[in-house]
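Everything below concerns the one structure shown next.
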Amino acid sequence: MPDIIELIFDDHEWFRRQFAALDELKAHRRVDVTAVEAVWTPLAKRLDLHAAAEEEIFYPQLLRVGEDAEAEAETLDAIGDHNDIRDGVRAAAGFPVLSAEWWAAVGRTRRANDEHMAEEEREGLADFRTAPGDLRESLGRRFAEYFLVHRSTRDVDTSDKDPREYVREIEEDLDEGSSAGSLRIGSLKGQ
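Residue 112 in full-length UniProt numbering sits at position 112 of the sequence shown, and the numbers go up by one each step.
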């Protein structure tokens, strides 16, 4: 089973390819709305699901195993980036596909996602390489399961999160779990 770092990198590469596919479609003299929707619809859904999965599975553990101040700063920034990505996806949904406003919202989504991926790859994922291999694999299983359980965003919270509140809640959970020795990486069953 691939570890969580590999799975996150795989998603990042897929995101890059999908945005490039939109570039290719946009470059045609006659842009095919059906083809654009066929790329954008799953891309928008996966962006939302990816952010939610990272917030549930990856970032709590980064806060647990990372150096306190550094992991907290990286997590605060990542949650803010996720909000920007979600905002772009929501904005695009409010405009007709191929309209200037839609392309602008997709462009904002892409810029926010590109920035987030670069920072995450350079910081959070690099820092997480010090985590034990069995933890990385366990989280990889949970990350993969997440997308099997959540095939759509219907049952997923895709609302913006206050980054400081998110970190505070995770740190409280970690403090409660540390006395019992819990890694807080239980199964997704029932979620």
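Every residue, glycine too, gets a C-beta built ideally from N, C-alpha and C.
query, result
"If you follow the alpha helix (DSSP H) that Ala112 is part of, which residue opens it and which one closes it?", "100 to 122"
"Give the straight-line distance between the Cα atoms of Leu174 and Arg64, rounded to the nearest whole angstrom.", "7 Å"
"Can you give the Cα-Cα distance for Gln61 and Arg30, rounded to whole angstroms?", "47 Å"
"Which of the three DSSP states is assigned to Gly66 in this structure?", "coil"
"Between Ala21 and the ligand HEM, is the CB less than 8 Å from at least one heavy atom?", "This structure lacks the ligand HEM, and indeed carries no ligand of any kind."
"Between His12 and Glu121, how many whole angstroms is the CB-CB distance? I'm expecting something under 8 Å.", "7 Å"
"What's the call for Leu43, buried or exposed, on a 16-neighbour Cβ count within 10 Å?", "buried"
"Who are the near neighbours of Ala105 in its chain, counting only those whose CB is closer than 6 Å to its CB and skipping five residues on each side?", "Gly88, Ala91, Ala92"
"Are there 16 or more other CB atoms within 10 angstroms of the CB of Met1, so buried, or fewer, so exposed?", "exposed"
"Taking only three categories from DSSP, how would you classify Lys161?", "coil"
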